[in-house]
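Participant: For the sequence shown, the numbering used here assigns the number 179 to the initial residue and increments by one for each residue that follows. Glycine residues also receive a C-beta, built at the ideal position from the N, C-alpha and C atoms.
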Amino acid sequence: MLCAIAYVVMFISKTIFAPITVAGFLTFDMKDVIIAIGGFLYGPLNALCISVVTSLIEMVTVSETGPIGLLMNVLSTIAFVCPAAFIYKRRQTLSAAIVGLVIGGVLMTGIMLLWNYLITPLYMQVPRDVVVAMLPTAFLPFNLVKALMNGALTMLLYKPVVTALRKARLVPEHENSAQVQKRRTIGVSIVAIILLATAVLLGLVLAGVI
Numbered sequence: 179m180l181c182a183i184a185y186v187v188m189f190i191s192k193t194i195f196a197p198i199t200v201a202g203f204l205t206f207d208m209k210d211v212i213i214a215i216g217g218f219l220y221g222p223l224n225a226l227c228i229s230v231v232t233s234l235i236e237m238v239t240v241s242e243t244g245p246i247g248l249l250m251n252v253l254s255t256i257a258f259v260c261p262a263a264f265i266y267k268r269r270q271t272l273s274a275a276i277v278g279l280v281i282g283g284v285l286m287t288g289i290m291l292l293w294n295y296l297i298t299p300l301y302m303q304v305p306r307d308v309v310v311a312m313l314p315t316a317f318l319p320f321n322l323v324k325a326l327m328n329g330a331l332t333m334l335l336y337k338p339v340v341t342a343l344r345k346a347r348l349v350p351e352h353e354n355s356a357q358v359q360k361r362r363t364i365g366v367s368i369v370a371i372i373l374l375a376t377a378v379l380l381g382l383v384l385a386g387v388i
């Protein structure tokens, strides 16, 4: 179920963000939001499985980057969602979710910098010096903005999505759901909206749209 939702979100993201690219080939993708929610519900191993399945389907249907794109896709997603899911599963509180998303965003950014340094020269067939020059100007800000955007959306959508899934009896009721509801404050939602708006504006700046 979550694989299907993640795929639909990925497809919509590709449609919306198709004209908005950083450095001509980096595009924003919101499927990590759904996979992160799945990780919060079912744990990091399930998040990894959702990531691999969704990325495989993406590769054989709409992606033009082949196995390299699949590898980078999976690495990016699991680096972001698995640490967040692991931390949240150990302590299911709002603060743990936020800390997990922050750590996941930092890890994703660092890992993608390393792997872009290793893989992008082969994929783009350009000298490594060219890619090194792009690390601080394109890859670093792109991944930070992507992490900020996905983290803010996860915080905004987690409760509504889980509530809808529970009403549809697609996920079980949780004994602590009432407590979690009380901890989700208006202030957190406002902060998440501000962070999301900031990430969107930064993404548009990076893409040269504004």
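1. In whole angstroms, give me the CA-to-CA distance for ILE374 and ILE368.
2. Checking the sheet assignment: what are the DSSP bridge partners for LEU204?
3. Taking the alpha carbon of GLU242 as the reference point, which residue from VAL211, THR205 and SER273 has its own alpha carbon closest?
4. So ALA316 and ALA201 are in contact, right, with Cβ under 8 Å, and what is the actual spacing, rounded?
5. Give the range of the alpha helix (DSSP H) segment to which ILE388 is assigned.
6. Whole angstroms is fine: what's the gap from LEU272's alpha carbon to ASP307's?
7. Leaving out five residues before and five after PHE264 in sequence, what residues of the same chain have Cβ atoms less than 6 Å from its Cβ?
8. Helix, strand or coil: how does DSSP classify SER233 here?
9. Relative to the C-alpha of ILE213, which residue among ARG268, GLY329, LEU318 and ALA346 is closest?
10. Should VAL304 and ASN294 be called a contact, given that it needs their Cβ atoms to be closer than 8 Å?
11. So for MET179, helix, strand or coil by DSSP?
Facilitator: Taking the structure as given:
1. Contrary to the premise, residue 374 reads as Leu rather than Ile in this sequence. So the alpha carbons of these two residues sit roughly 10 Å apart.
2. VAL200
3. THR205
4. 4 Å
5. Looking at the DSSP string, ILE388 is not in any alpha helix (DSSP H), and its letter there is neither H nor E.
6. 42 Å
7. PRO222
8. helix
9. GLY329
10. no
11. coil
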